[in-house]
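Protein chains in written order, with our numbering: chain A, 1 to 168; chain B, 1 to 168.
2 protein chains.
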Amino acid sequence: MQKQVEFQEAIKTKYPEQVVIAIAKDKKDKANPVTLGWTMIASGTPPMMAIAVAKKHYSIETIRHSKCFTISFPSSEMADAALFFGSRSGRDSDKLAEFKKCKTSPAKAIDSLLLTDATANFECTLESETEAGDHIIFVGKIIASHTNTEPKKRLYTVGSGHKLGSVS
Amino acid sequence: MQKQVEFQEAIKTKYPEQVVIAIAKDKKDKANPVTLGWTMIASGTPPMMAIAVAKKHYSIETIRHSKCFTISFPSSEMADAALFFGSRSGRDSDKLAEFKKCKTSPAKAIDSLLLTDATANFECTLESETEAGDHIIFVGKIIASHTNTEPKKRLYTVGSGHKLGSVS
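Given below as structure tokens:
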């Protein structure tokens, strides 16, 4: 049976929620990673993905500037990187320089980076942006895809309070 | 280490993927449920959610007609309903009349239905639509939320081939 409650109560049943790390370069050529939970596939042919980014985040500027971005699926062993990239702003810091453990390599088809230990990386060109409340939805067309050569589990937010882990 | 592969290969690492059932009424007042895996929260304040619906699906017409829809989080015991609603078209059939096991009740704030056994139901008014390849992204503003009075696990697509189940 259903009972009416506040949104914040009902949305607790959402978890586990997938986590992605989106990366775009700013005008100074600094690659800025941000951890996002609000993401989905948006098209099958051609493949596209959507991410919702808070309007106040520096990533808005970086994606608009470079008109492309990587969507990386962090592996379960990357929880500390996901927490770090999700809790700092790249406006006044270089998150990848500070968090040296997170290995990267250049993307192949766009001017961005891939995360070496992710389960997968998707190189996207910016297709559209749509305002949605306090976020901007960016849709990216995927023009190159990569997987890890080793099998890894994907990282999820497994419960409220940003608790991260894998699921089975 | 990353290796470049086809999108269809890399996206296999996405699963488990959350499943929702979106419901909107058509011009004959028939409530049409559709099962979707491509969905995300889009805004915190006000709360909004986005769903990506294939352009060929009858749901496109029903959402455009009624300008509102329910997003329901099916519980793990609703796998058969999710498969049924996801594999039939409502263009020439009444899915809820045919699948009698799926109990519903009227929504409170919009002209739609709630699914009684879902973990949660969100009543949305249509905020925007954006074309994305072979899908349309609908963003809905959530104006009423509901949870199940009993604790239930949410339904996920746990692997390729549309295998459904719960995760932990």
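The beta-carbon is built from N, C-alpha and C at its ideal position, and this holds for glycine as well.
Query                                                                                                                              : Result
Per-residue DSSP class, three states only, for LEU114 of chain A                                                                   : strand
Short Cβ contact (9 Å threshold) for GLY159 of chain B with THR45 of chain A                                                       : no
Nearest-angstrom Cα separation, counted from GLY90 of chain B out to LEU113 of chain B                                             : 15 Å
Pairwise C-alpha distance: TYR58 of chain B and SER105 of chain B                                                                  : 22 Å
Residue(s) in a DSSP beta bridge with PRO33 of chain A                                                                             : A:ILE23
Beta strand (DSSP E) segment containing TYR156 of chain A, residue limits                                                          : 156-159
The stretch 11-25 of chain B / the stretch 68-87 of chain B touching (three or more Cβ pairs under 8 Å)                            : yes
Segment limits, beta strand (DSSP E) that includes THR62 of chain B                                                                : That residue, THR62 of chain B, is in no beta strand (DSSP E); its alpha helix (DSSP H) goes 58-66.
Alpha helix (DSSP H) runs wholly inside the stretch 83-151 of chain A, at least 4 long, in chain order                             : 95-98
Neighbourhood of CYS102 of chain B by C-beta distance below 6 Å, restricted to the same chain and skipping five residues each side : ALA81
DSSP state of GLU17 of chain A mapped onto helix, strand, coil                                                                     : strand
DSSP state of SER43 of chain B mapped onto helix, strand, coil                                                                     : strand
Cβ of PHE85 of chain A within 9 Å of any chain B Cβ                                                                                : no
VAL139 of chain B beta carbon less than 9 Å from that of THR130 of chain A                                                         : yes
Top-ranked residue by Cα proximity to ASN32 of chain A, from A:CYS68, A:GLU9, A:ALA10                                              : A:CYS68
For ALA97 of chain B and ASP29 of chain B, the rounded distance between their alpha carbons                                        : 13 Å
Alpha-carbon to alpha-carbon, LYS100 of chain B and ARG64 of chain A                                                               : 48 Å
Proximal residues of chain A, C-beta to C-beta of PRO33 of chain B below 9 Å                                                       : Those do not exist, as PRO33 of chain B stays about 15 Å from chain A at its closest Cβ, beyond 9 Å.
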